[in-house]
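Asker: If you scroll down you'll find the structure; I have some questions about it.
Residue numbers (the numbering used here): -6 to 513.
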């Protein structure tokens, strides 16, 4: 999409500091950021805190920190500064009051003294009549086409009665604009309410403040969620009242649950911070969010993108109209792709603090200095990176690399133990004790050669050896796992294991059965 010649692209993300950053908010921020970077423009973060009752202390800085974690850094904000500040709306009240007075003087706005009780009564009446609830213009002055005398308005003002300021929506007109995503959009002014511009507490509403700020901050493109589409006629009227050129608009498709219902803050964990706490990396989250409504083009099967790549190829023209399904399974798949490609040193830096905490919490018979070393962790990573869902599972899911088993998988033991398993294992331990070459290849050859000599299949030894050294019946390549453990650890675990897992025969009415007892 082309911009006006000479016009610098400036986009903005304008969150309310009411809590954590919603994934929908991250997508809005990302698309604004990407479009600005693609067009060599500026990305601004503005805090819209006009709803003081819902403001959460510290939420603004938390939002900025979360954006920074994903790589989204503003060119201008209340943290980064800029030439168009302040970037927090509560610090711009004088500006809004000035423009509000201009609309009052132009007869595009009027004072309204209706009480909350009157407004609610009027709303119920209109709904009972099957009408769309709108303000009934009780306080619209006579000189603006209403029925309220100017003297009555002055009286209320002199008495100090609380009031709001409402815009007067023109009657019988069409309000049209061309949305970058949705194409031509038209509204009938009859469906537009006389929106409140200034509240009784002296703060502007979102609609009023955002229009003024977008103009004064020279925002060229407003990119936001589809839920704001119905606000466009109010905003466009304000631009017309002030004689300003409105920015171009792009309304992003809704985010949907797998059942096609709208994704909301009340349906599970949808805060970006929640996903990060669960172990998803910022890179995977950002990649996932980028694909919620945008694609590179027909026939393109690529799904894993870095932020740098997205900055080069993103376009608003490739954003679709249809709702985008928020599929956590897709996020999980993306995370695994990032784990497979993630540099060892980055994973090591992520899991080392977790390992240190585990080592402090419980004792281990292994060489602590060795298992906490980068060299050892690198070996664990290469064995496990395709088997885990999150980096931290290198420690939590695979703790047998660091600690001897406390217990053994009971079902695996029952399935794999034969009456002579322990006797054969004890002989195998002796063979391993005589083995100087503890490489994966030599361990494999040694086990298979021993199995042939004992007239057993390799699986007869493979599964019990895995269970006694790791505690579980599944995992990475046994021989590579044993190589990483090292000879001392493997022998210790096998010797301890055959003492704890005992086989027994029972003869009941002439029937011989096999059982296994695990002893502490």
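Backbone N, C-alpha and C define an ideal beta-carbon position, used for all residues, glycine too.
State the start and end residues of the unbroken alpha helix (DSSP H) segment that holds residue 62.
Answerer: As a working mapping, residue 62 is identified with position 69 in the chain shown. Note, residue 62: alpha helix (DSSP H), 52 to 63.
Asker: What separation, rounded to the nearest whole angstrom, lies between the Cα atoms of residue 119 and residue 186?
Answerer: On the chain shown, position 126 is the one that residue 119 refers to. On the chain shown, position 193 is the one that residue 186 refers to. One C-alpha to the other measures close to 13 Å.
Asker: What span of residues does the alpha helix (DSSP H) with residue 176 cover, start to end?
Answerer: On the chain shown, position 183 is the one that residue 176 refers to. Where residue 176 is concerned, there is no enclosing alpha helix (DSSP H), although the beta strand (DSSP E) it sits in stretches over 176 to 181.
Asker: Can you name, in chain order, every residue of its own chain whose Cβ lies under 7 Å from the Cβ of residue 447, other than the five neighbours on each side?
Answerer: In the chain shown, residue 447 corresponds to position 454, counting from 1. Counting only Cβ-Cβ distances below 7 Å, and skipping sequence neighbours, we find 417.
Asker: Report the three-state DSSP secondary structure of residue 93 (helix, strand or coil).
Answerer: Counted from its first residue, the chain shown places residue 93 at position 100. It is helical.
Asker: Would you kindly work out how many angstroms separate the C-alpha atoms of residue 15 and residue 265, rounded to a whole number?
Answerer: As a first step, residue 15 is located in the chain shown; it is residue number 22 there, counting from the start. As a first step, residue 265 is located in the chain shown; it is residue number 272 there, counting from the start. Rounded to whole angstroms, residue 15 to residue 265 spans 6 Å at the Cα level.
Asker: So, helix, strand or coil for residue 422, using DSSP?
Answerer: Taking the first residue of the chain shown as position 1, residue 422 is located at position 429. Correct three-state label for residue 422: helix.
Asker: Taking residue 202 and residue 90 to be in contact with their CB atoms under 8 Å, please state how far apart those CB atoms are, rounded to whole angstroms.
Answerer: Within the chain shown, the letter at position 209 stands for residue 202. Within the chain shown, the letter at position 97 stands for residue 90. So it is not a contact: roughly 11 Å between Cβ atoms.
Asker: Give, in chain order, every unbroken run of the alpha helix (DSSP H) that is at least 4 residues long and sits entirely within the region 317 to 343.
Answerer: The region 317 to 343 contains these whole alpha helix (DSSP H) runs: 321 to 334.
Asker: Just the Cα atoms here: how many angstroms apart are residue 260 and residue 477?
Answerer: Here residue 260 refers to the residue found at position 267 when the chain shown is read from its first residue. Here residue 477 refers to the residue found at position 484 when the chain shown is read from its first residue. Confidence at residue 260 is low in this model, with a pLDDT of 49, below 50, so its placement is unreliable and no value can be given for it.
Asker: Using C-beta distances below 7 Å, list every residue in its chain close to residue 482, excluding the 5 sequence neighbours before and after it, in chain order.
Answerer: The residue you call residue 482 lines up with position 489 of the chain shown. Excluding sequence neighbours, residue 482 sits near 359.
Asker: Report yes if the CB atom of residue 143 is closer than 7 Å to the CB atom of residue 134, and no otherwise.
Answerer: Numbered from 1 along the chain shown, position 150 holds the residue referred to as residue 143. Numbered from 1 along the chain shown, position 141 holds the residue referred to as residue 134. Yes.
Asker: Rounded to a whole number of angstroms, what is the C-alpha to C-alpha distance between residue 11 and residue 97?
Answerer: To locate residue 11, count along the chain shown from 1; it is residue 18. To locate residue 97, count along the chain shown from 1; it is residue 104. Taking the straight line from one Cα to the other gives about 31 Å.
Asker: Rounded to a whole number of angstroms, what is the C-alpha to C-alpha distance between residue 518 and residue 127?
Answerer: The shown model of the chain, from -6 to 513, leaves out residue 518, and the question about it has no answer.
Asker: Give me the Cβ distance between residue 200 and residue 227, rounded to the nearest whole Å; I'm assuming they're in contact under 8 Å.
Answerer: The count along the chain shown starts at 1 and reaches residue 200 at position 207. The count along the chain shown starts at 1 and reaches residue 227 at position 234. Contact flag correct, Cβ pair sits at about 5 Å.
Asker: For residue 1 and residue 34, I'd like the C-alpha separation in whole angstroms.
Answerer: Numbered from 1 along the chain shown, position 8 holds the residue referred to as residue 1. Numbered from 1 along the chain shown, position 41 holds the residue referred to as residue 34. If you take the alpha carbons of residue 1 and residue 34, they lie about 6 Å apart.
Asker: So what does DSSP say about residue 173, is it helix, strand or coil?
Answerer: Here residue 173 refers to the residue found at position 180 when the chain shown is read from its first residue. Correct three-state label for residue 173: coil.
Asker: With respect to the beta strand (DSSP E) encompassing residue 102, which residues constitute its N-terminal and C-terminal limits?
Answerer: Stepping through the chain shown from its first residue, residue 102 is reached at position 109. Here the beta strand (DSSP E) through residue 102 covers 102 to 105.
Asker: Please look up how many angstroms separate the CB atoms of residue 333 and residue 281, rounded, as I've assumed it's under 8 Å.
Answerer: Locating residue 333 in the chain shown gives position 340, counting from the first residue. Locating residue 281 in the chain shown gives position 288, counting from the first residue. Actually they do not touch by this definition, with Cβ atoms about 16 Å apart.
Asker: So, for residue 116: in the same chain, excluding its five sequence neighbours on each side, which residues have a beta-carbon less than 7 Å away from its beta-carbon?
Answerer: The residue you call residue 116 lines up with position 123 of the chain shown. If we look at residue 116 and ignore the five residues flanking it on each side, its Cβ neighbours are 126.
Asker: Kindly indicate which three-state DSSP category residue 296 falls into: helix, strand or coil?
Answerer: Walking along the chain shown from the start, residue 296 turns up at place 303. DSSP places residue 296 in coil when its eight states are reduced to three.
Asker: Following the continuous alpha helix (DSSP H) through residue 31, name the residue where it begins and the one where it ends.
Answerer: As a first step, residue 31 is located in the chain shown; it is residue number 38 there, counting from the start. That run of the alpha helix (DSSP H) goes 16 to 31.
Asker: When you compare each of 353, 367 and 354 to residue 337 by their alpha carbons, which one comes out closest?
Answerer: Here the question's residue 337 lines up with position 344 in the chain shown. Looking at the Cα atoms, 367 is the closest of the given residues.
Asker: What's the gap between the Cα of residue 278 and the Cα of residue 306?
Answerer: Here residue 278 corresponds to residue number 285 of the chain shown, with the count starting at 1. Here residue 306 corresponds to residue number 313 of the chain shown, with the count starting at 1. So the alpha carbons of these two residues sit roughly 18 Å apart.
Asker: Would you check if the region 292 to 304 and the region 148 to 161 touch, i.e. whether three or more CB-CB distances between them fall below 8 Å?
Answerer: Flag = no, the region 148 to 161 and the region 292 to 304 do not touch.
Asker: Say whether the region 343 to 358 touches the region 235 to 250, bearing in mind that this needs 3 or more beta-carbon pairs closer than 8 Å, one atom from each stretch.
Answerer: With the cut-off at 8 Å, the region 343 to 358 and the region 235 to 250 do not touch.
Asker: Measuring only the C-alpha atoms, how far is residue 431 from residue 344?
Answerer: The residue labelled residue 431 in the question sits at position 438 within the chain shown. The residue labelled residue 344 in the question sits at position 351 within the chain shown. Whole-angstrom Cα-Cα distance: 27 Å.
Asker: Hey, how far is the Cα of residue 460 from the Cα of residue 485?
Answerer: Position 467 of the chain shown, counting from 1, holds the residue named residue 460. Position 492 of the chain shown, counting from 1, holds the residue named residue 485. Their Cα atoms are separated by approximately 13 Å.
Asker: Between the Cα of residue 415 and the Cα atoms of 400, 390, 493 and 435, which residue gives the shortest distance?
Answerer: Taking the first residue of the chain shown as position 1, residue 415 is located at position 422. Comparing Cα-Cα distances from residue 415 to each of 400, 390, 493 and 435, the minimum goes to 493.
Asker: Comparing C-alpha positions only, which one of 379, 442, 434 and 412 sits nearest to residue 468?
Answerer: Against the chain shown, residue 468 aligns to sequence position 475. Taking only the C-alpha atoms, the option nearest residue 468 is 379.
Asker: Can residue 243 and residue 168 be called in contact, C-beta distance under 7 Å?
Answerer: For the purposes of this step, residue 243 is taken as residue 250 along the chain shown, with counting starting at 1. For the purposes of this step, residue 168 is taken as residue 175 along the chain shown, with counting starting at 1. Result no, Cβ atoms of residue 243 and residue 168 do not sit closer than 7 Å.
Asker: Since I believe residue 245 is in contact with residue 20 (beta carbons under 8 Å), could you give me their beta-carbon distance rounded to a whole number of angstroms?
Answerer: Numbered from its first residue, the chain shown carries residue 20 at position 27. Numbered from its first residue, the chain shown carries residue 245 at position 252. Indeed, because the Cβ distance is near 7 Å, the residues count as touching under 8 Å.
Asker: Indicate the three-state DSSP secondary structure (helix, strand or coil) for residue 244 in the structure shown.
Answerer: As a first step, residue 244 must be located in the chain shown, where it is residue number 251. DSSP places residue 244 in strand when its eight states are reduced to three.
Asker: May I ask which residues mark the beginning and end of the beta strand (DSSP E) holding residue 214?
Answerer: As a working mapping, residue 214 is identified with position 221 in the chain shown. Start and end: 214 to 218.
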